[in-house]
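Numbering follows full-length UniProt numbering, in which position 394 of the sequence shown is assigned residue number 394; successive positions increment by one, without gaps.
Ideal placement from N, C-alpha and C gives every residue a C-beta, glycine not left out.
The model shown is predicted, which means the values in this text are computed figures rather than measured ones.
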Amino acid sequence: LCSECGQFHLLPDNHLYNFQDEVDDELICHICLQPLLQPMDTPCGHTYCFKCLENFMQEYNFCPMDRKKLSFQQCHKSSLLVRNLLDKLVVLCPFKAECQQTMQRCELEAHLQNRCPGFKKYKSELERKKNLFSKGKEDLPAKVETNTPKDPEMPSGGSSLVAESSAAAVVSLGTAEPGLVNPAFEETEEGKSLMEKCNYRASLVAETSTIEIHREDPEEDLGMRIVGGKDTPLGNIVVQEVLRHSVIAADGRIAPGDHILEVNGVNISSVTHCQAVSFLRHPGPVLHLMVLQEKGFSNRTVQQDSSSAPNREVIHVTLIKRDRSEPLGIKLIRKTDEAGIFILDLLEGGLAAKNGKLSRNDRVLSINGQDLRQGTPETAAQIIQTSESRVNFVVLRQPGVQLSDSVEDGSTSNNSSSSSNGGSPVHHRRRLDQNHYRRKSTYQKKTVSIKKEPKESLGITIGGGRDNKNKLPIYVTSVQPIGCLFRDGRIKRGDILLSINGIDLTHLNYYEAVSALKSNAASHSVVLKALEILLSDPTDPPLDIKEQGFGWSPLWITWLGLPSYLHCCQDIVLSKGNLESWGFSIVGGFEESKGNQPFFIKTIVPGTPAFQDRRLKCGDEIVAVNGVPAIGMSNSELIPMLKEQRNKVTLTVVSWPGSLV
Numbered sequence: 001l002c003s004e005c006g007q008f009h010l011l012p013d014n015h016l017y018n019f020q021d022e023v024d025d026e027l028i029c030h031i032c033l034q035p036l037l038q039p040m041d042t043p044c045g046h047t048y049c050f051k052c053l054e055n056f057m058q059e060y061n062f063c064p065m066d067r068k069k070l071s072f073q074q075c076h077k078s079s080l081l082v083r084n085l086l087d088k089l090v091v092l093c094p095f096k097a098e099c100q101q102t103m104q105r106c107e108l109e110a111h112l113q114n115r116c117p118g119f120k121k122y123k124s125e126l127e128r129k130k131n132l133f134s135k136g137k138e139d140l141p142a143k144v145e146t147n148t149p150k151d152p153e154m155p156s157g158g159s160s161l162v163a164e165s166s167a168a169a170v171v172s173l174g175t176a177e178p179g180l181v182n183p184a185f186e187e188t189e190e191g192k193s194l195m196e197k198c199n200y201r202a203s204l205v206a207e208t209s210t211i212e213i214h215r216e217d218p219e220e221d222l223g224m225r226i227v228g229g230k231d232t233p234l235g236n237i238v239v240q241e242v243l244r245h246s247v248i249a250a251d252g253r254i255a256p257g258d259h260i261l262e263v264n265g266v267n268i269s270s271v272t273h274c275q276a277v278s279f280l281r282h283p284g285p286v287l288h289l290m291v292l293q294e295k296g297f298s299n300r301t302v303q304q305d306s307s308s309a310p311n312r313e314v315i316h317v318t319l320i321k322r323d324r325s326e327p328l329g330i331k332l333i334r335k336t337d338e339a340g341i342f343i344l345d346l347l348e349g350g351l352a353a354k355n356g357k358l359s360r361n362d363r364v365l366s367i368n369g370q371d372l373r374q375g376t377p378e379t380a381a382q383i384i385q386t387s388e389s390r391v392n393f394v395v396l397r398q399p400g401v402q403l404s405d406s407v408e409d410g411s412t413s414n415n416s417s418s419s420s421n422g423g424s425p426v427h428h429r430r431r432l433d434q435n436h437y438r439r440k441s442t443y444q445k446k447t448v449s450i451k452k453e454p455k456e457s458l459g460i461t462i463g464g465g466r467d468n469k470n471k472l473p474i475y476v477t478s479v480q481p482i483g484c485l486f487r488d489g490r491i492k493r494g495d496i497l498l499s500i501n502g503i504d505l506t507h508l509n510y511y512e513a514v515s516a517l518k519s520n521a522a523s524h525s526v527v528l529k530a531l532e533i534l535l536s537d538p539t540d541p542p543l544d545i546k547e548q549g550f551g552w553s554p555l556w557i558t559w560l561g562l563p564s565y566l567h568c569c570q571d572i573v574l575s576k577g578n579l580e581s582w583g584f585s586i587v588g589g590f591e592e593s594k595g596n597q598p599f600f601i602k603t604i605v606p607g608t609p610a611f612q613d614r615r616l617k618c619g620d621e622i623v624a625v626n627g628v629p630a631i632g633m634s635n636s637e638l639i640p641m642l643k644e645q646r647n648k649v650t651l652t653v654v655s656w657p658g659s660l661v
């Protein structure tokens, strides 16, 4: 909560005020559509808020109104007369339940600090929370009950295999993750493997660590965007973006692509997206995050052998492939403190998960009789891929570690990056009319007709626009307590605006949409067509508490179900050398039990072409590869298409912004 204006907003954004009267249009900023704050004049005669213009000029080099070339250094403060007029605008105290006073805008901060009973009550409550947190009396969020299989208990007390290992190579067998899987065994033109040519190809290494984040204000946003959750194909919770000037950015240890495994000791690897957002928004001065961070490729090897450790059980498991190319759906890791290969996960819908005899944390001793006690995930992958049908595992298991439960029917999670139907032929499943991902959330079109005074404003702020870096449709970020739409009550925060008085808003950039809304607001009647986001799941926790104010944006999962005509695709061309991998992994695709699901980027490896290009992000949806639509494809069909592209590939993607925490 901002101590100057008494409302919730992001640190880089302007203060928010509730104005008593309608403000003259000449005093409105055409970027935020609010009365000007610290007004700045441009050489071309337009005026904007200081922060609005500063943020805009970091991405563009032209004036938002007439698009004339402009630099921030050319702008200057507005006249003292204009600044005084703005400061004298009458505002309402934001704590209207305890305080009904009005004052000039320039007097609000002093009122809050010295006279307002509502702000005084808020500060007392904040201090009480701080004291409770410091004494350790504040309860952590209750552990979410889920229907997904729990992680096996480790002898060391770790909640998962990832949590136990300090560094690991995550490799999905059976060509499950393009660019990451078996980079050593890509056949060269001469027919020799790169293993033969280079002798050794490094494993992909990831590292888990616990990071302690400190906040002076327990309620302050962390300042990062996240994607994923068990109700999406991504499964895990992944950091998509770290915002500038945020708590996380100031700490400097968390980066895009990191997987968040635990929050304050609570395992969030098997919770829904909304539940994860709720955990990460839980207030507190100190936050403990366990994260898995990709470190790129490493040649480091380990010589220690723990196969002779006591109290362990040797288990024999045979898996039968329907054909040579069928993936097993196993993810393997390499630890730094023990030699050999360990099972990180059994991918949902995969052959190994259906068999049910292998378990997380099993150490692979041999496959098809070949000793892997000092082996690597790449070696295991080659053995499995060259196997005709039977794959015989010998694994070492700690006593008390339970086998993975069978996959629950009806679960919306799809952590598998390999198709359960292997290489079976494509037939009735290519239904191109199912061209976008349908979640539980639904959208309802509505038409709102309003009679109004010509000078009466609509009273909304908006976000999005096709010039936005995510190329979003126009959506409502707030409905102010002045204006005709607040009085009408049918337009809500989060609504997607489709048109106003017959003018299509779906293909406009932000400034074109602002202009269209302002010009049509001058009419006696306004007809708005919008798409309303309906509640996705009544069991999900409420998420409005930390999303009040101008900085509000919809959750990542709410974008996924938008109809395809609102998607804005972009082509990303990646190039690489013959010996490089693309550097990203994917999840999703058609499965007989789930139907069509989109393909998502799950990981991007540091130092690879995908990482260096900087345009791909975790959570991006792959729509097509080299112009070929991915709709209706299984994972086992898309992977070979990606691997066939030796030096260049064009990915058509839709990028939605992650949820802000």
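C-alpha gap between residue i and residue j, whole angstroms
| i | j | result |
| --- | --- | --- |
| residue 332 | residue 619 | 22 Å |
| residue 171 | residue 268 | Per-residue confidence for residue 171 stands at a pLDDT of 34, beneath the threshold of 50, marking its modelled position as unreliable; no derived number is given. |
| residue 522 | residue 456 | 8 Å |
| residue 56 | residue 46 | 14 Å |
| residue 118 | residue 108 | 13 Å |
| residue 8 | residue 2 | 6 Å |
| residue 510 | residue 493 | 17 Å |
| residue 265 | residue 384 | 36 Å |
| residue 22 | residue 28 | 11 Å |
| residue 395 | residue 360 | 11 Å |
| residue 562 | residue 601 | 19 Å |
| residue 341 | residue 239 | 27 Å |
| residue 140 | residue 213 | Reliability fails at residue 140, whose pLDDT of 45 lies under 50, so the model's placement of it is uncertain and no value is given. |
| residue 44 | residue 67 | 10 Å |
| residue 53 | residue 10 | 16 Å |
| residue 71 | residue 478 | 30 Å |
| residue 186 | residue 646 | Note on residue 186: pLDDT 34, under 50, position unreliable in the model; the coordinate value appears next. The alpha-carbon atoms of residue 186 and residue 646 are separated by roughly 10 Å. |
| residue 662 | residue 92 | No answer is possible for residue 662: the residues shown for the chain start at 1 and end at 661. |
| residue 49 | residue 26 | 13 Å |
| residue 6 | residue 483 | 21 Å |
| residue 502 | residue 445 | 15 Å |
| residue 83 | residue 489 | 33 Å |
| residue 125 | residue 552 | 24 Å |
| residue 533 | residue 575 | 39 Å |
| residue 389 | residue 369 | 15 Å |
Identified DSSP bridge partners for residue i
| i | result |
| --- | --- |
| residue 462 | 476 |
| residue 444 | 532 |
| residue 35 | 28 |
| residue 103 | 91 |
| residue 19 | 91 |
| residue 85 | In the DSSP output, where bridge partners are listed per residue, residue 85 has none listed. |
| residue 49 | 39 |
| residue 224 | 242 |
| residue 648 | 575 |
Proximity below 9 Å, CB of residue i to CB of residue j
| i | j | result |
| --- | --- | --- |
| residue 661 | residue 224 | yes |
| residue 656 | residue 621 | yes |
| residue 362 | residue 343 | yes |
| residue 263 | residue 234 | no |
| residue 231 | residue 557 | yes |
| residue 450 | residue 480 | no |
| residue 211 | residue 514 | no |
| residue 354 | residue 317 | no |
| residue 105 | residue 87 | yes |
| residue 596 | residue 572 | no |
| residue 18 | residue 51 | no |
| residue 485 | residue 528 | yes |
| residue 226 | residue 277 | yes |
| residue 566 | residue 531 | yes |
Residue i CB to nearest heavy atom of the ligand ADP below 8 Å
| i | result |
| --- | --- |
| residue 361 | This structure simply doesn't include the ligand ADP, nor any ligand for that matter. |
Three CB pairs or more closer than 8 Å across the segment 573-589 and the segment 479-498: no
Does the count of Cβ pairs from the segment 451-467 and the segment 36-43 closer than 8 Å reach three? no
Which full runs of the alpha helix (DSSP H) of 4+ residues lie inside the segment 568-634, going along the chain? 609-613
How about the segment 112-128 and the segment 85-104: do they share at least three Cβ pairs that are nearer than 8 Å? yes
At 4 residues or longer, and completely inside the segment 228-296: list those alpha helix (DSSP H) runs for me, N to C. 247-251, 273-280
For the segment 472-526, list the alpha helix (DSSP H) runs that are entirely contained and at least 4 residues long, ordered along the chain. 484-488, 510-521
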